[in-house]
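Asker:
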Amino acid sequence: MSAHREDFALGADALTPDGAVNGSWKPLGELARVCAAVSRHTPSPDPLHAPARDLLDYAWRQTGEGELFALLQRFEPFATYPLEVYAAFASAGLRHAGYEAAAAAVARTRGWRLAEQDPTRRLGVLAAERCVGVHRPEDVPRLVRGTWLGGLPEPWSFERFSGYALTHVVFHLTDWGRDPDGVPADLGSYLADWLPAWLDTCLDAGMWDLSCELLAVAASLPEPLGQTAACDAWERIASARHATGALPEERPPLEGPCSEPEFAHCYHSTLMAAFAAALTIGRLRATDGTTGAYEDDLEGALR
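Shown next as structure tokens:
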């Protein structure tokens, strides 16, 4: 990621009304979110800590240290993506007081509060609002029960779209892995039962991006994956990486040596691998300060 950080740079169209948000602000926000998590879960002496913090600082400079969020607020006052991206930086202590004041004012309007959003997206917007001091009286438990995961669906109905939806529900409920107790007990039990099977299915299908998101979910739950499942999953992810460390979103059609995947087809999955690994190692270190055979084996697979 450090070698390709220029690919995350905001282009000249980042502030235009028809700019490609998914190709500019979204990757930059994802870079910030993951680097904040990696720097938070790795101590300063860890060789991953400094590069993660450097990338986070680079991403913040791309926003003009928050000034571009203030401009976006004036151009698109009712767009939620600027606040959602900003929240990733705010989680690491990078803040812009002027933008926060303007965003909070808009977030208190009826127009903002009545915007129609699916429950999973609404959970994310609510979490972003809390970063700027807005705490609306929303029925979060009701929202959660309106999501695919919250309804405790038949486990065989799991597929790609529901998989990505459930991972983000968990990310929002746990503040991106900070609070494992944020997942309701029945959802935690449901995930403990079925996450290993879903993860194995995604790994078999070569869906590396979704597999890494599921591994991040596993590291965000009160109870970790079993030793065999966890080590097997990480070894398969490691074997799917290119020599540069890049991880493609999905298994290439043809097996065997190939060139490094294009940035657009590997940046998110590579970030998710780093995110899931940081959460996993962080949970191991937070248990009791010691490591047993399970922790040693898993950390070896992660490294």
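77 is the number of the first residue of the sequence shown in my numbering; add one for each residue after it.
Even glycine gets a Cβ: it sits at the ideal position worked out from N, Cα and C.
In this text the structure is predicted, and so the values were computed from the model without any measurement.
Taking just the CA atoms, how far does G258 sit from T250?
Answerer: Each residue's Cα considered, the two are about 5 Å apart.
Asker: In three-state terms, what does DSSP make of P153?
Answerer: Looking at P153 - three-state DSSP - the assignment turns out to be coil, as it is neither helix nor strand.
Asker: Just curious, the alpha helix (DSSP H) that P260 is in, first and last residue?
Answerer: From DSSP, P260 is part of no alpha helix (DSSP H); its letter is neither H nor E.
Asker: With C-beta atoms as the reference, is S115 less than 8 Å away from L132?
Answerer: Result yes, Cβ atoms of S115 and L132 sit closer than 8 Å.
Asker: What runs of the alpha helix (DSSP H), each 4 residues or longer, lie entirely inside the stretch 196–249?
Answerer: Correct list: 216–221 and 236–249.
Asker: Exposed or buried, A90, counting other C-beta atoms within 10 Å across all chains shown (16 or more means buried)?
Answerer: It counts as buried.
Asker: So, is A146 buried or exposed, given that buried needs 16 or more other C-beta atoms within 10 angstroms?
Answerer: By the 10 Å Cβ count, A146 comes out buried.
Asker: Between the alpha carbons of T366 and T356, how many angstroms are there, rounded?
Answerer: For T366, the predicted structure reports a pLDDT of 48, less than 50, and the residue's modelled location is therefore unreliable. The matter cannot be settled from this model.
Asker: Just to confirm, is the Cβ distance from T346 to A322 under 8 Å?
Answerer: Against a cut-off of 8 Å, the Cβ pair of A322 and T346 comes out as a contact.
Asker: What number of angstroms, rounded off, separates the C-alpha of A179 from the C-alpha of R171?
Answerer: Roughly 12 Å separates the two Cα atoms.
Asker: Spatial neighbours of V201 within its chain, please: CB distance less than 6 Å, with the 5 preceding and 5 following residues excluded, ordered by chain position.
Answerer: For V201, where only same-chain residues beyond five positions count, the Cβ hits under 6 Å are T156.
Asker: Considering only residues of the same chain and omitting the five flanking positions on each side of E152, which have a CB-CB separation below 8 Å?
Answerer: Cβ neighbours of E152 beyond the five flanking positions: P93 and P158.
Asker: Going by the CB atoms, is the gap between G282 and R327 shorter than 8 Å?
Answerer: Yes, these two residues count as a Cβ contact at 8 Å.
Asker: Could you tell me whether the stretch 99–116 touches the stretch 227–245, where touching means 3 or more Cβ pairs closer than 8 Å?
Answerer: No, the stretch 99–116 is not in contact with the stretch 227–245.
Asker: Give every residue of the same chain whose Cβ lies closer than 7 Å to the Cβ of C342, excluding the five residues on either side of it in the sequence, and list them in chain order.
Answerer: Counting only Cβ-Cβ distances below 7 Å, and skipping sequence neighbours, we find A322, L323, P324 and E325.
Asker: Less than 8 Å between the C-beta atoms of C278 and L290, yes or no?
Answerer: Their beta carbons are under 8 Å apart, which means C278 touches L290 by this criterion.
Asker: In whole angstroms, what is the alpha-carbon distance linking G140 and P231?
Answerer: About 45 Å.
Asker: Which one of V97, A135 and D122 has the shortest CA to CA distance from H80?
Answerer: The shortest Cα separation from H80 among V97, A135 and D122 belongs to A135.
Asker: Need the endpoints of the alpha helix (DSSP H) that V182 sits in, please.
Answerer: Element bounds for V182: A173 to A183.
Asker: Skipping 5 residues on each side, what residues in its chain have a beta carbon closer than 6 Å to that of T243?
Answerer: Counting only Cβ-Cβ distances below 6 Å, and skipping sequence neighbours, we find E289 and V293.
Asker: For E82, which of helix, strand or coil comes out of DSSP?
Answerer: Of the three classes helix, strand and coil, the one that applies to E82 here is helix, per DSSP.
Asker: In its own chain, which residues sit with a C-beta less than 8 Å from the C-beta of V182, not counting the 5 before and 5 after it?
Answerer: Same-chain partners within the cutoff: Q149, P153, F154 and W188.
Asker: Could you check the C-alpha separation between P213 and G169 for me, to the nearest Å?
Answerer: Answer to the nearest angstrom: the Cα atoms are 25 Å apart.
Asker: Which runs of the alpha helix (DSSP H) fall wholly inside the stretch 258–341 and span at least 4 residues, in chain order?
Answerer: The stretch 258–341 contains these whole alpha helix (DSSP H) runs: 261–280, 284–294 and 303–316.
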